[in-house]
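A.B. asks: Structure below; questions to follow.
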Amino acid sequence: MLNLVLLGPPGAGKGTQAERLVGRHGLLHISTGDLLRDAIKAQTPLGREAKAAVDTGVLVPDQVVIGLVQERLSAGTPDQGFILDGFPRTVAQASALERLLGELGAPLDHVILFDIPIGLLEQRVSKRAEQSRALGVAARSDDNPEVLRRRVEEFVRATEALSPFYRQQKLLRLVDASADVDGVDAQIRRFLEC
Ligand code: AMP
């Protein structure tokens, strides 16, 4: 069983690496951003509550995302590992996760931090928006330069607190996310082999 957290700013490549990890290890992929976007699309009460925050790039209240993750993790099978992508983002979320995983008897193995210069994120996110448009799919409402800046600021603030939290627990693994997809993949494989 492999239990992972992927930490990284928007555009760092977490989603792409998560897909590869799911393919290789059959993990349950829980992306709080995806869960929130689905709830917004379906116009559920939770989606209506979260929409303004997601559209403007600020964090949704801790209790909302903690509830979403709790629901998903508890619904998984006990021997299936998981990847948390975009969660936790605050120390309160990390502490709630620790409690929940303690109850489930499924501790974390690695917290992978995607390290990448901000300039490169802007290029990657605008490329993602262009690719969506080329496919005739609406670009994400938060993939625009102004909101991206806010999302990156939120991420920097969050990691300042989360990195020491996980470093202290000896779970933090740093990858150079400016490498290409295969290069980042190779770095992650090396961590997982240890
Ligand atoms: P993402 O797809 O991970 O970039 O998330 C998109 C947006 O969803 C973020 O800008 C936040 O508004 C919201 N969001 C996703 N995950 C969380 C979280 N763990 N805590 C609070 N807000 C979140």
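Counting from 1, one number per residue, gives the positions in the sequence shown under this note's numbering.
Cβ atoms here follow ideal geometry from the backbone N, Cα and C, with glycine treated the same way.
Helix, strand or coil, according to DSSP, for S74 in the structure here?
C.D. replies: helix
A.B. asks: Look up H29 in the DSSP assignment and give the residues it is bridged to.
C.D. replies: I83
A.B. asks: With V147 as the anchor, note down where its alpha helix (DSSP H) starts and where it stops.
C.D. replies: P145 to Q168
A.B. asks: In terms of residue numbering, what span does the beta strand (DSSP E) encompassing I112 cover?
C.D. replies: H110 to D115
A.B. asks: Can the beta-carbon of V5 be found less than 8 Å from the beta-carbon of V111?
C.D. replies: yes
A.B. asks: Hey, would you say I83 sits closer than 8 Å to I30, going by beta carbons?
C.D. replies: Contact: yes.
A.B. asks: Where do the N-terminal and C-terminal ends of the alpha helix (DSSP H) with V181 fall, by residue?
C.D. replies: V181 to E193
A.B. asks: For a test of your reading of the model: does the CB of R157 fall under 7 Å from any non-hydrogen atom of the ligand AMP? Yes or no.
C.D. replies: no
A.B. asks: In terms of alpha-carbon separation, which member of D55, A39, L162 and L101 lies closest to R151?
C.D. replies: D55
A.B. asks: Can you look up L101 in the DSSP assignment and give me helix, strand or coil?
C.D. replies: Note: L101 maps to helix in three-state DSSP.
A.B. asks: Going by C-alpha to C-alpha distance, which of K14, A92, A177 and E71 sits closest to G86?
C.D. replies: K14
A.B. asks: With distances taken between CB atoms, is the gap from Q93 to V60 smaller than 8 Å?
C.D. replies: no
A.B. asks: Measuring straight from C-alpha to C-alpha, what distance separates L120 and Q17?
C.D. replies: 17 Å
A.B. asks: Is there at least one non-hydrogen atom of the ligand AMP closer than 7 Å to the beta-carbon of A199?
C.D. replies: Limits of the chain in this structure are 1 at one end and 194 at the other, which puts residue 199 out of reach.
A.B. asks: Checking the sheet assignment: what are the DSSP bridge partners for D176?
C.D. replies: D115
A.B. asks: Specify the secondary structure class of L195 as computed by DSSP and reduced to three states.
C.D. replies: This structure leaves residue 195 out entirely; the chain is present only between 1 and 194.
A.B. asks: List the whole-angstrom C-beta distance separating G81 from L2, where the pair is believed to meet the contact cut-off of C-beta under 8 Å.
C.D. replies: 4 Å
A.B. asks: I want to check one thing, is the minimum distance from the CB of V54 to the heavy atoms of the ligand AMP below 7 Å?
C.D. replies: yes
A.B. asks: Once DSSP output is grouped into helix, strand and coil, what is the label at G11?
C.D. replies: coil
A.B. asks: Less than 7 Å between C-beta atoms, sequence neighbours within five positions excluded: which residues of the same chain meet that for G33?
C.D. replies: G86
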